[in-house]
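According to our numbering, the stretch in the sequence shown is residues -16 to 220, in order. For each residue, glycine too, the CB sits at the ideal point set by N, CA and C. In what follows, a single structure is set out as structure tokens and then discussed.
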Amino acid sequence: LALAPTMSSSQEAAVVTPQAQVANPFDIFATAVAPAAQPVAQNAPVDPFGFGAAPHTPTQGSPVSAHSPTSSLPEDDDFWAQMGFGQIDHAANVSTGSITPTSDLSVSDTSFEPEVNPHSLDERGLPLGGEYYKIRVTTPLLGAIFSSAGEVRNTLYKTASFQFVESLKNRPVVSFRIDGSAAETSGVGIGDVLLNVNNICIPDTDTAVKVLSETPRPMTLEFYAPGDRQVHICKTE
């Protein structure tokens, strides 16, 4: 009979059983070893943030009451009291009065404006120191544009006094003149005031445009030229 070979004690120590082999942690091709299941304690603490936990269902012994917001005023009071500001009286901060205007801010009150001095006007109601002149026009167009005295208060009449501008009222003032027109060749100046056309009074610019377009030629126009002491005409390009 053949006898089975026997191993020495050193050879027996070198043999590693499969159960005692340690898995290679860095071998990506090795078969993953499932960790052993850990026993779950009966009184395990509940996850406070609920990550991965099942939704909590209230039991009949602990009914959930509807949440009702509560005022934070007592907590705020305690906070400010601890900070040394004392107790806050919220009732005192509530305004129950009504706002009553103390002054009339109406812009319709123009009593502060100075009145026109009647002693500075001539017999025709225009400022003293001016000159009157007449021209005769035969062309269809006069070649001048008119604006009221108030409209040129800050331009042509910028240096004029309040009394001067107010005395002219809404009379038409020559604010533009065409070069080579009948107005220029007749000597009509920028800032001159049109008074009448063929003895028809011209109180405003609308009347001036209408009468000048309807009056047959030739026609006679009367102007008022302010004096140099009254106003310095500020011409613009």
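The beta carbons of Val148 and Ala132 sit closer together than 7 angstroms. Straight-line measurement puts the Cα of Ile185 at about 6 angstroms from the Cα of Ala191. Relative to Pro201, the option among Gly113, Thr121, Gly126 whose CA is nearest is Thr121. In the structure shown, the three-state DSSP call for Thr198 is coil.
Cα atoms of Tyr115 and Asn181: separation of roughly 15 angstroms, rounded to the nearest angstrom. Annotation for Ser150: the continuous alpha helix (DSSP H) segment containing it runs 145 to 151.
Val214 carries a coil assignment under DSSP once its states are collapsed to helix, strand and coil.
Comparing alpha carbon positions, the residue from Ser169, Asp211, Glu197, Ala143 closest to Glu205 is Ser169. Residues Val156, Ser158, Gly174 of the same chain have their beta carbon placed closer than 8 angstroms to that of Val135, with the five preceding and five following residues left out of the count. When the beta-carbon positions are compared, Tyr207 and Gly113 come within less than 7 angstroms of each other. Looking from the CA of Arg160, the closest CA among Pro123, Phe145, Leu151, Ala127 belongs to Ala127.
Around the beta carbon of Pro199, a 10 Å sphere encloses fewer than 16 other beta carbons of the protein chains shown; the residue is thus reported as exposed. In this structure, DSSP gives Ala127 an extended state, which the three-state scheme calls strand.
Sequence-distant Cβ neighbours of Thr188 in its own chain, meaning closer than 7 angstroms and more than five residues away, are Phe129, Ser130, Ser131, Pro155. Val176 has its alpha-carbon roughly 14 angstroms from the corresponding atom of Leu111.
Take the alpha-carbon of Leu195 and the one of Thr142: they are about 30 angstroms apart.
Selection Tyr140, Ser150, Val214 evaluated against Glu106 yields Ser150 as nearest (Cα-Cα).
Each residue's CA atom was taken as its position, placing Leu125 and Pro209 some 20 angstroms apart. Residue pairing for Pro110: DSSP places it in a beta bridge opposite Leu104. For Ala166, the enclosing alpha helix (DSSP H) covers residues 165 to 168. Ranked by Cα distance from Lys117, the options Asn179, Lys152, Glu197 are led by Asn179.
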